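Enquirer:
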Amino acid sequence: MDSTYEQSDGNSGREHLDGIGIQLIEDTSEDQLSKAEEEIASALSLPELPSVNEQKREIENRVAALYAGEIAIPSEVVDEVLRTGGNRSKSQLRIIYNFMSEQTPEEYTEFVKREYGTGGKGFEINGMEYSVWFDETGLQIAVGHTVTDQILDKAFLSWEDVSGRIHQLLKQGEYAPQSVLDVARENAVKEHAQALAYMKADMAEGVAELVFDEEDLPYLRSIYPEITDYLEEKLSDSQWLSDMNERLEGLAMAYEEDRSIMRFRTYNPVRISSQFQKFAAEVVPYSAREEFAWQEHKVFITQDEIDAFLAGGGPYSDGRLSTYSFYLLNEDDKARTDFIKEKYGTGGCSHALCGADNSHADYDGKGLKLERGTYGNPDTSVLLPWAKVAKRVGYLIDNQQFLHSADYSRMPDYERERIAGKVISFYARLPEEIERPFKQDFFNEEAKKELPAMLNDSEQAQKLLQAMDDALAMLPLDFESVNETYEKKLQLLTEVHQYVEGSYTIFPAQEVAEQTEGLTGYQMSLFDIMSNSEPEEITEEPEVEESVAEVEEIQNEEPEADSHISFEEAKELWEDGFYEDDYVLKNRVGELIYDSMDTVGKSVEDFSEEQMAVIRKLAEQERMLEPVLNPDFSPEQIQLVSDISEKIWNDNGRWQEDMIEPYTDHVMNPEEITRVRQELDLQESEFESESVIVQE
64 MDSTYEQSDG
74 NSGREHLDGI
84 GIQLIEDTSE
94 DQLSKAEEEI
104 ASALSLPELP
114 SVNEQKREIE
124 NRVAALYAGE
134 IAIPSEVVDE
144 VLRTGGNRSK
154 SQLRIIYNFM
164 SEQTPEEYTE
174 FVKREYGTGG
184 KGFEINGMEY
194 SVWFDETGLQ
204 IAVGHTVTDQ
214 ILDKAFLSWE
224 DVSGRIHQLL
234 KQGEYAPQSV
244 LDVARENAVK
254 EHAQALAYMK
264 ADMAEGVAEL
274 VFDEEDLPYL
284 RSIYPEITDY
294 LEEKLSDSQW
304 LSDMNERLEG
314 LAMAYEEDRS
324 IMRFRTYNPV
334 RISSQFQKFA
344 AEVVPYSARE
354 EFAWQEHKVF
364 ITQDEIDAFL
374 AGGGPYSDGR
384 LSTYSFYLLN
394 EDDKARTDFI
404 KEKYGTGGCS
414 HALCGADNSH
424 ADYDGKGLKL
434 ERGTYGNPDT
444 SVLLPWAKVA
454 KRVGYLIDNQ
464 QFLHSADYSR
474 MPDYERERIA
484 GKVISFYARL
494 PEEIERPFKQ
504 DFFNEEAKKE
514 LPAMLNDSEQ
524 AQKLLQAMDD
534 ALAMLPLDFE
544 SVNETYEKKL
554 QLLTEVHQYV
564 EGSYTIFPAQ
574 EVAEQTEGLT
584 GYQMSLFDIM
594 SNSEPEEITE
604 EPEVEESVAE
614 VEEIQNEEPE
624 ADSHISFEEA
634 KELWEDGFYE
644 DDYVLKNRVG
654 ELIYDSMDTV
664 GKSVEDFSEE
674 QMAVIRKLAE
684 QERMLEPVLN
694 PDFSPEQIQL
704 VSDISEKIWN
714 DNGRWQEDMI
724 EPYTDHVMNP
734 EEITRVRQEL
744 DLQESEFESE
754 SVIVQE
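If you're matching positions, the sequence shown starts at 64 in the working numbering and goes up one per residue.
1) Which parts of the region 391-464 are runs of the alpha helix (DSSP H), unbroken and 4 residues or longer, counting only runs that do not cross its ends?
2) Examine the Cβ distances between the region 376-385 and the region 322-342 and report whether three or more of them are shorter than 8 Å.
3) Count the other CB atoms within 10 Å of the CB of E689; is the residue buried (16 or more) or exposed (fewer)?
4) Using 8 Å as the threshold, is the C-beta distance between M266 and I324 below it?
5) Excluding five sequence neighbours on each side, which residues of the same chain lie with their C-beta closer than 8 Å to the C-beta of D541?
6) Excluding the 5 residues preceding and the 5 following S413 in the sequence, name in chain order all residues of the same chain whose CB lies nearer than 6 Å to its CB.
7) With the cut-off set at 8 Å, would you say V739 and L681 are in Cβ contact?
8) Is M537 buried or exposed, if buried means 16 or more other CB atoms sit within 10 Å of its CB?
9) Along the chain, which unbroken stretches of the alpha helix (DSSP H) at least 4 residues long are found entirely within the region 493-563?
10) Please say whether E187 and H360 have beta carbons closer to each other than 8 Å?
11) At what residues does the beta strand (DSSP E) containing W196 begin and finish?
12) Flag R228 as yes when its Cβ comes closer than 7 Å to any non-hydrogen atom of the ligand FMN, and as no otherwise.
13) Do G428 and P448 have their CB atoms nearer than 8 Å?
14) Between the region 207-219 and the region 148-168, do at least 3 Cβ pairs fall closer than 8 Å?
15) Check whether the Cβ atoms of W303 and R146 lie closer than 8 Å to each other.
16) Report the rounded CA-to-CA distance for G439 versus V362, giving the unit in angstroms.
17) Between M675 and V667, which are expected to be in contact by the criterion C-beta below 8 Å, what is the C-beta distance as a whole number of angstroms?
18) Note down the Cα distance separating L373 from L459, rounded to an integer number of angstroms.
19) Taking only the alpha-carbon atoms, compute the straight-line gap between R248 and Y160 and give it to the nearest angstrom.
20) Thinking S252 and E295 are a contact (beta carbons under 8 Å), I'd like their distance in whole angstroms, please.
21) For D442, collect the residues of the same chain with a Cβ closer than 6 Å to its Cβ; drop the 5 residues on either side in sequence, then sort them by chain order.
22) Give the DSSP-derived three-state secondary structure of Q203 in the structure shown.
23) Take K406 and list the residues in its own chain whose beta-carbon comes closer than 6 Å to its own, dropping the five residues that flank it on each side.
24) Note down the Cα distance separating Q464 from D198, rounded to an integer number of angstroms.
25) According to DSSP, is G313 part of a helix, a strand, or is it coil?
26) Look at the alpha carbon of K552 and the alpha carbon of N546, and state the distance between them as a whole number of angstroms.
27) Does the beta-carbon of S697 have 16 or more other beta-carbons within 10 angstroms, so that it is buried, or is it exposed?
28) Closer than 8 Å is the cut-off here; do at least three beta carbon pairs connect the region 222-242 with the region 269-278?
29) Note down the Cα distance separating I701 from Y657, rounded to an integer number of angstroms.
30) Specify, as a first and last residue, the run of the alpha helix (DSSP H) that I736 falls within.
31) Nearest-angstrom Cα distance between F501 and K526?
32) Within the same chain, show all residues whose beta-carbon is closer than 6 Å to that of Q746, passing over the 5 residues directly before and after it, in chain order.
33) Could you name each continuous alpha helix (DSSP H) segment of 4 residues or more that falls completely within the region 298-382, going from the start of the chain to the end?
34) Name the residue from M517, R157, Y261, A453 whose alpha carbon lies nearest to the alpha carbon of P288.
35) Output the distance between the C-alpha atoms of T181 and S444, rounded to the nearest integer angstrom.
36) Does the beta-carbon of G183 have 16 or more other beta-carbons within 10 angstroms, so that it is buried, or is it exposed?
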């Protein structure tokens, strides 16, 4: 960030300034305006805008009355939301610079719509929590954690409304403080210089020599940031910029004839040329009202942002379809939780919240963490245990909110690819003398291409089935080779037969869940799910029809149901010192304890039997264990901290470390534990009641 922009002058709000940074390298396609190009989409300027004095006089003619009485959200809340811009860095600066030139209302609106894109935000304004969501239809603001609930406290603004109101705020001097307005042009120069440098790097061999002047080339062969520093300086030279625009126009014409002149298509010469033509014109700056300042607001992650992340399907390609298929084939909560946990694994990603470049996700054994703000020091975060993630994914699927429109057209091809995988699995580890009906290579890449095409042709599909029938007939009934058995091969063959015959699919018809009586018009959120802290009493394990091959293919060696021993058996083995053995870890409670202790760097030996009794009890209830795993805590404090954590989930719909820190940063004595329970209106735990009886 530039030092000028970092100075607050009392006008800075944290969520406004954080995340305003350069972001130009994006994945783009030829058919849509690249995000990288959007970021340099400043506009042509004609010196026809009102003077500074005229702008100041317009302050008295505010359009706040336009909103008053017409929408349920206070106009000052709408304005505060609009002042935060979109979800990409330096969004406000691009918006400001765009309105510094004279354009048609339609052009202003189109720019704002592109700048915002699709995404969400959450703000606490004047003591109320507001969710914001924007997409191609417009911008919504609602009280609470989601804009999708059927509530009255909600507003919808078209992009014409958004653009018009932002323009009005700029004219009134009430969109941004002067320190921000002053660097809008500087930011535009910097982003155009970067775009030019990156486009030069993407040019095919010999093209740059035709576009750039001979005296520029030595500087452009340097390193960053020397290259962009040089280009920023040259962009301030009107004659150099005029010559460059002529060259860029020629490059755009050549590109339309021959796409090979660019090695990559991130920086489309046609669009870059158009943006630079707009950049070449003069602009008229805005002035801020005297003493105008941005207000600081707490931020939170909305339910809509969480849902959008989950609907991404995870870190792998076709994640939505594989998840959707698994959920249709498996109704057991534990199987779904294990699948989701395995699918995400351990890792993370940036731009997690609908592409917001100040957001990121981390996932590991304990759950999914979403954060907004600086990495390592976020403004807000939410940690979702895998059981709750799995349940929310199920909710999205049940309510037709999980799949994207393109997924439905992808389904037939995806299913054929999955069935092709079953064919490959069928032939895995069969004797070499059995002929394969496809070309073999180490990773079966050729087979993955050939088999879907064969399955899509009825005649070829029948030949494939005949070859598989013949192969199975050559196997003895007691065939076994590295976890491959005759029964597994028979199951795979049966499923391929049924698929070709039309009686088997990995996408069985989804039953639409009946709406619960009394909840008509209400959308359950993840925070409602979290509030259900009491574990349900399960009297009988539900039966789920699923093939061994199907589960293995999706989950990569999912443990068999009977491999999970009971909690009491695991407890006895644990106490006998076998807690690290695999057959104990297959116990769900043991897994949770072991993973949590591994996360905080502790082991069972660090805790007394009394402490472990409480920890096991909490693990049985599937509570979060990390905050309580301190060997210095008494059993009573361990129980208290867990109860407080659960209360935070129920009251706030999310869990943040700073909320629980006052109760975990020191060891409590019995009197303090009692006092805290009374202050927080927490009932005395069953464990503590038993302790009192023993003491008496």
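Using N, Cα and C, we set each Cβ at its ideal position, and we do this for glycine too. All of these numbers come straight from a predicted model, not from anything done at the bench.
Expert: Taking the definition as stated:
1) 396-407, 449-461
2) no
3) buried
4) yes
5) Y549
6) H423
7) no
8) exposed
9) 508-518, 521-536
10) yes
11) 191-198
12) In the structure on display, the ligand FMN does not appear, and there are no ligands present to speak of.
13) no
14) no
15) no
16) 16 Å
17) 7 Å
18) 9 Å
19) 6 Å
20) Here residue 252 is Val; the residue named in the question, Ser, does not match the sequence. At roughly 5 Å, the Cβ-Cβ gap stays under 8 Å, so V252 and E295 are in contact.
21) V362, R435, G436
22) strand
23) G377
24) 15 Å
25) helix
26) 11 Å
27) buried
28) no
29) 17 Å
30) 733-742
31) 12 Å
32) none
33) 301-320, 332-342, 366-373
34) Y261
35) 20 Å
36) buried
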